[in-house]
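Single-structure report; data block below.
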Amino acid sequence: MVASTITAKACLQFPGRLRISVEGLLRNRSYAQYLSMRLSERNGIRSATANHLTGKLLVFFKPNRIMVSEILQEICLCRTQYSKLLDRTAESPNTLASSKTETNKKVTSTTELALWSIGIAALTFLLTRDVRRSMAVLIAGCPVAVALSRHAALGLAVVVARRGGVFVKDANMIEIIGKADTVVFDESSIIAGATAELHDIVGIDKNHTAAEVLRLAASTVAGTTHPLTGMLLGHVKSDGRELSSASDVEVRAFGVMAVVDSDRIIVGNVKFLAQENIMVERAFPRIRRMEHLGLSLLCIAINGKLAGIVGYSYQLRPESHEAVGRLRALGVNYIGLVIGETSNSIQDIIDRLGVPEYWTADSSESKKAIIDQLQQNGRRVIMVGNGGNDAQALKAATVGMAIDCNIAEGTAQSADVIIKGDDIREIPNLIHLGKFTDEVIWQNRALSAGLSAVGVSLAAVQSISPMAIMWILGIITVLANSARILTCVNRSNDTSVKGW
Numbered sequence: 003m004v005a006s007t008i009t010a011k012a013c014l015q016f017p018g019r020l021r022i023s024v025e026g027l028l029r030n031r032s033y034a035q036y037l038s039m040r041l042s043e044r045n046g047i048r049s050a051t052a053n054h055l056t057g058k059l060l061v062f063f064k065p066n067r068i069m070v071s072e073i074l075q076e077i078c079l080c081r082t083q084y085s086k087l088l089d090r091t092a093e094s095p096n097t098l099a100s101s102k103t104e105t106n107k108k109v110t111s112t113t114e115l116a117l118w119s120i121g122i123a124a125l126t127f128l129l130t131r132d133v134r135r136s137m138a139v140l141i142a143g144c145p146v147a148v149a150l151s152r153h154a155a156l157g158l159a160v161v162v163a164r165r166g167g168v169f170v171k172d173a174n175m176i177e178i179i180g181k182a183d184t185v186v187f188d189e190s191s192i193i194a195g196a197t198a199e200l201h202d203i204v205g206i207d208k209n210h211t212a213a214e215v216l217r218l219a220a221s222t223v224a225g226t227t228h229p230l231t232g233m234l235l236g237h238v239k240s241d242g243r244e245l246s247s248a249s250d251v252e253v254r255a256f257g258v259m260a261v262v263d264s265d266r267i268i269v270g271n272v273k274f275l276a277q278e279n280i281m282v283e284r285a286f287p288r289i290r291r292m293e294h295l296g297l298s299l300l301c302i303a304i305n306g307k308l309a310g311i312v313g314y315s316y317q318l319r320p321e322s323h324e325a326v327g328r329l330r331a332l333g334v335n336y337i338g339l340v341i342g343e344t345s346n347s348i349q350d351i352i353d354r355l356g357v358p359e360y361w362t363a364d365s366s367e368s369k370k371a372i373i374d375q376l377q378q379n380g381r382r383v384i385m386v387g388n389g390g391n392d393a394q395a396l397k398a399a400t401v402g403m404a405i406d407c408n409i410a411e412g413t414a415q416s417a418d419v420i421i422k423g424d425d426i427r428e429i430p431n432l433i434h435l436g437k438f439t440d441e442v443i444w445q446n447r448a449l450s451a452g453l454s455a456v457g458v459s460l461a462a463v464q465s466i467s468p469m470a471i472m473w474i475l476g477i478i479t480v481l482a483n484s485a486r487i488l489t490c491v492n493r494s495n496d497t498s499v500k501g502w
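Numbered according to the numbering used here, the sequence shown spans residues 3 to 502.
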């Protein structure tokens, strides 16, 4: 567990370098990796390395940009976030139950090998009355190499994933990810990798200009996880307008509400405004015209009245097409997309990606029902999302992956894997890593079991000493074979896995 208190001794060695001793905090390896990743993303910090063995944190930063107290505050924040991530461990019966079953199977097989070694050693002693020979059999047959076969490979796989900006909460998930046959993207995860382009702004309320309506909308969504925040803020700043502070911000599944400049602002799609009893019927001709042009719509209401409509579309990045192609190359042929509404813009994204299946779901319960149905059909489902209403679906899926781009807090807690940034190519990269790791594990088991059998045979005929050379050789072979994971490349593509 992460320590509840922080006692830190900071020592400036020279400008730009800070060594911090954090007592009782970094002894958890996965937490040390999480802390290093989070601190490295902070503005002003060039790199951060946390050593879970020594409890030391080494931070390189730009001189005169960072105060020691600020770094300690970041450590406290990371500790709180990591503690919330650990809550997933106690609340995920589907994925953790399967991983525990796999672990129990490996423990059982190791125990059986140990019992066989003891039995053969006892039989050798009964037949020969030679203690030296029976001890050689027992040591040569010790299943240490077999036990290391899986843990060494999974541990190195987690390191490789972390090197690519992927935080895996449970190492057992690496194996499960490699066996997945279905990937379901939430609309928000696909949008996170797309660029929203504003095409048209229509003012409905005569008391507010279109530019003022857009400024109020940007002020409302600023600081939230709304996928159009970047587009709205960028457009307002390019016009040289300043944002106003928002209060009483309330984020819903398909919209945001807040008080800006004493006005109650509602930003969302047409359905969301209708649910909030905003009359949109008078704007139907303009709405139909924008939809006919293939645009998605964002409506803005001020004090209970429709004030403006924003027409936008998404320009997918080339990485999205590459990610879907890699998934198919890896044998994941069932790829689906969960969308909130069937707008022309979203339909265009589906057509360009070539996603064969899609579902319409406007609530967390309906998304979870889709995942449950797929699993009932015998599919191993990876659910990808980052929205606030994706938490239940991520928790229900075989593996839940969160795209760390405007990620909601509840989503981070429910996900098994967190991918830094918004590049969905990391998903096929991780599936390939899981498949490659599974291959290495089976090779390790075969090599270690074979060497143990040879060692036991040689020891039984008194060809080797109690030093049990084969026992040592088995361990070295397993570790050397597992080290190949560090050079893992994406076989579904000619180039190396990005960042891995």
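Backbone N, C-alpha and C define an ideal beta-carbon position, used for all residues, glycine too.
Quick caveat, the model's predicted, so the values are computed rather than measured.
Proximal residues to residue i (C-beta, below 7 Å), its chain only, five neighbours per side dropped
i	result
residue 191	386, 387, 388, 405 and 426
residue 320	none
residue 238	216, 217, 220 and 245
residue 482	none
residue 396	385, 387, 402, 404, 413, 416 and 417
residue 487	155, 158, 159, 162, 438, 439 and 442
residue 222	248, 258, 260, 262, 267 and 269
residue 99	Note that residue 99 scores 47 on pLDDT, short of 50, meaning its location in the model is unreliable; the coordinates nonetheless yield the value given after this. Cβ neighbours of residue 99 beyond the five flanking positions: none.
residue 480	147, 150, 151, 154, 446, 449 and 450
Of the residues the options, the one placed nearest residue i, counting alpha carbons only
i	options	result
residue 335	325, 342 and 341	325
residue 327	422, 430 and 309	430
residue 240	438, 383 and 217	217
residue 232	351, 249, 355 and 198	198
residue 317	51, 234 and 350	350
residue 423	39, 330 and 209	39
residue 211	50, 311, 369 and 365	311
residue 341	333, 354 and 365	365
residue 272	235, 266 and 297	297
residue 169	33, 131 and 400	33
residue 207	373, 302 and 177	302
residue 315	200, 226 and 167	200
residue 399	383, 371 and 167	383
Host beta strand (DSSP E) of residue i (start-end)
i	result
residue 424	Looking at the DSSP string, residue 424 is not in any beta strand (DSSP E), and its letter there is neither H nor E.
residue 303	298–304
residue 315	307–318
residue 384	383–387
residue 396	That residue, residue 396, is in no beta strand (DSSP E); its alpha helix (DSSP H) goes 393–398.
residue 187	184–188
residue 249	248–253
residue 401	401–406
residue 169	168–170
Rounded C-alpha distance that separates residue i from residue j
i	j	result
residue 489	residue 205	56 Å
residue 224	residue 338	30 Å
residue 363	residue 59	44 Å
residue 356	residue 189	14 Å
residue 285	residue 308	8 Å
residue 260	residue 254	11 Å
residue 418	residue 250	31 Å
residue 484	residue 242	56 Å
residue 156	residue 172	10 Å
residue 367	residue 331	32 Å
residue 121	residue 129	12 Å
residue 428	residue 187	13 Å
residue 329	residue 305	47 Å
residue 478	residue 50	32 Å
residue 444	residue 333	20 Å
residue 213	residue 252	23 Å
residue 202	residue 432	39 Å
residue 290	residue 77	51 Å
residue 288	residue 176	50 Å
residue 283	residue 313	17 Å
residue 421	residue 359	24 Å
Spatial neighbours of residue i in its chain, beta-carbon cut-off 6 Å, leaving aside the 5 residues before and after
i	result
residue 323	none
residue 567	This structure cannot settle anything about residue 567, because the visible part of the chain is limited to 3 through 502.
residue 107	Reliability of the predicted coordinates at residue 107 is poor, the pLDDT of 48 falling under 50, and no value is obtained from them.
residue 228	258
Start-to-end residues for the alpha helix (DSSP H) that takes in residue i
i	result
residue 214	212–223
residue 292	286–294
residue 240	231–240
residue 180	175–180
residue 272	272–277
residue 280	Where residue 280 is concerned, there is no enclosing alpha helix (DSSP H), given that its DSSP letter is neither H nor E.
residue 373	366–378
Chain C contact for residue i (CB, 8 Å cutoff)
i	result
residue 249	Chain labels in this structure do not include chain C; a single protein chain is all it has.
Residue i Cβ short of 7 Å to the ligand FAD heavy atom set
i	result
residue 228	Looking for the ligand FAD in the displayed structure turns up nothing, as the structure carries no ligands at all.
Could you check whether the region 178–191 touches the region 276–283, counting it as contact only if at least three pairs of C-beta atoms, one from each stretch, sit closer than 8 Å? no
Give a yes or no on contact between the region 445–452 and the region 162–170, applying the rule of three or more CB pairs nearer than 8 Å. no
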